[in-house]
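These notes concern the structure reproduced below.
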Amino acid sequence: MDKAMIIEMDSVNKSYFDGDKGVRRDVLNDVSLRVEPGERISVIGHSGCGKSTLLNLMGILDVPDSGSIVINGKDAACLSEKQSAAMRAMDIGFVFQLHHLLPQATVLENVTLPSLALPLRPDPKLVEARALDLLSKVGIAEHANQFPGTLSGGERQRAAVVRALINKPSLLLADEPTGALDSGHAEELAGLLLDLNSDEGIALIVVTHNDDVASMMDRRLTITSGRLHDVCE
245 MDKAMIIEMD SVNKSYFDGD KGVRRDVLND VSLRVEPGER ISVIGHSGCG
295 KSTLLNLMGI LDVPDSGSIV INGKDAACLS EKQSAAMRAM DIGFVFQLHH
345 LLPQATVLEN VTLPSLALPL RPDPKLVEAR ALDLLSKVGI AEHANQFPGT
395 LSGGERQRAA VVRALINKPS LLLADEPTGA LDSGHAEELA GLLLDLNSDE
445 GIALIVVTHN DDVASMMDRR LTITSGRLHD VCE
C-alpha cells in the first residue's frame with residue numbers, strides 16, 4: 245500500500261439484511277478508491293444508493309463484508325475497537341447534515357469537546373487557542389461564549405465544522421453538510437470547507453445532493469448500482 249495515500253479502498257463490498265423483505269440487499273459492489281492528501285472529492289447519487297454507507301466505511305463507523313480499507317497506512321480490519329476510536333479521534337473529522345451541538349454547552353465548549361477523546365490529552369489552553377482561531381476563520385468567533393440556540397442554522401453548522409477540525413485530522417468527511425441550508429448558505433458553507441481544506445491541508449470528501457456544491461470539488465464521484473464511478477464532465 246502507498247503510505248502517501250490518506251485512504252485506500254480495494255474491492256470493498258457491503259450489504260445489509262432487509263428484515264421487511266427477508267433478503268440481503270447489496271449496497272456497495274467491488275468499490276476501490278484512492279484519496280490523496282488535500283484532495284477535494286464530492287460523491288453524488290440518488291437517495292439510498294450507498295453514499296452514506298461509503299462515508300461510514302471510510303470513517304470506520306462500519307466494516308465491509310469483504311475487501312480492504314487502509315487509512316493513513318493502517319489496515320482498518322486489524323484495529324481493535326480502542327485503536328479504531330483513537331483513529332477516528334485523531335485522523336478523521338465528521339460533519340453531518342444536522343449539527344448535533346450540545347444545547348447546554350457554549351459554542352467554545354462544543355467545538356473543543358473532541359479533544360477529550362484523544363489518547364494523549366493536549367494542553368487545554370492550546371486547544372482553546374486553536375478553537376478560537378478556527379472560529380475566527382469561519383466568522384463566528386464573537387459567538388464563542390454563546391449557546392447554540394442563539395445562533396442561526398448556518399452559524400451552528402460552521403461551529404460543527406470547527407468541531408470536526410479541532411483535532412487536526414488528515415481527513416474530513418461531510419455527509420450532506422448543506423442539506424438543511426438554503427442554496428445561498430449551502431454554497432457559502434461549501435466554499436468555507438474548501439478554504440479550510442486548503443488552509444489545513446486535509447482531504448475533503450463531501451456527500452451531497454446539491455449539484456452546485458458537488459461541482460465545486462476537484463473530483464466528482466457517483467454511485468450507480470452499488471459501483472463507484474468518476475463523473476465525466
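Take the sequence shown: its letter number 133 is residue 377 in this note's numbering, and every next letter is one higher.
Backbone N, C-alpha and C fix where the C-beta goes; we use that ideal spot for every residue, glycine too.
Just so it is clear, the structure is predicted and the values come from calculations on it, not from any experiment.
Let me know the secondary structure DSSP gives residue i once reduced to three states.
i, result
"V457", "helix"
"D309", "coil"
"N316", "coil"
"M302", "helix"
"L323", "coil"
"K412", "coil"
"E252", "strand"
"K369", "helix"
"L357", "helix"
"G393", "helix"
"A424", "coil"
With the cut-off set at 8 Å, would you say residue i and residue j are in Cβ contact?
i, j, result
"Q341", "G428", "no"
"M331", "L362", "no"
"V451", "K326", "no"
"L277", "L472", "yes"
"I313", "V371", "no"
"I250", "I315", "yes"
"A447", "E252", "no"
Just reading off the alpha helix (DSSP H) that residue i is part of, what are its end residues?
i, result
"S442", "S427 to E444"
"N389", "Counting along the chain, N389 falls outside any alpha helix (DSSP H), and DSSP gives it neither H nor E."
"G398", "G397 to L409"
"T350", "Taken as a continuous stretch (DSSP letters only), T350 belongs to no alpha helix (DSSP H), as it is neither H nor E."
So, at 7 Å on beta carbons, what are the nonlocal neighbours of residue i in its own chain, with the 5 sequence-adjacent residues on each side left out?
i, result
"V406", "V355, A375, L378, L379 and V382"
"R269", "S259, Y260 and D262"
"L272", "V256, N257, K258, G294, T297, L298 and G470"
"E431", "D456 and V457"
Excluding sequence positions up to five away, which residues of its chain have a Cβ less than 8 Å from the Cβ of residue i?
i, result
"P366", "S359"
"S310", "S255, V256 and N257"
"N300", "D306"
Can you give the beta carbon distance from residue i to residue j, rounded, assuming they're within the 8 Å contact cut?
i, j, result
"G282", "G445", "5 Å"
"T350", "Q390", "6 Å"
"P392", "P347", "6 Å"
"T468", "G289", "7 Å"
"L345", "A404", "6 Å"
"L415", "G337", "7 Å"
"G398", "L433", "7 Å"
Excluding the 5 residues flanking residue i on each side, which residues of the same chain have their C-beta closer than 6 Å to its C-beta?
i, result
"R464", "S286, A458 and V475"
"A320", "I304 and I313"
What do you reckon, is the C-beta of residue i under 7 Å from a heavy atom of the ligand NAD?
i, result
"M461", "What this structure holds is no ligand at all, so the ligand NAD is not there to describe."
Checking contacts by CB at 8 Å: is residue i closer than that to chain E?
i, result
"N389", "Chain labels in this structure do not include chain E; a single protein chain is all it has."
Can you give me the start and stop residues for the beta strand (DSSP E) that residue i sits inside?
i, result
"G515", "In the structure displayed, the chain extends from 245 to 477; residue 515 sits before or after that span and is not available."
"I449", "A447 to V451"
"V339", "I336 to V339"
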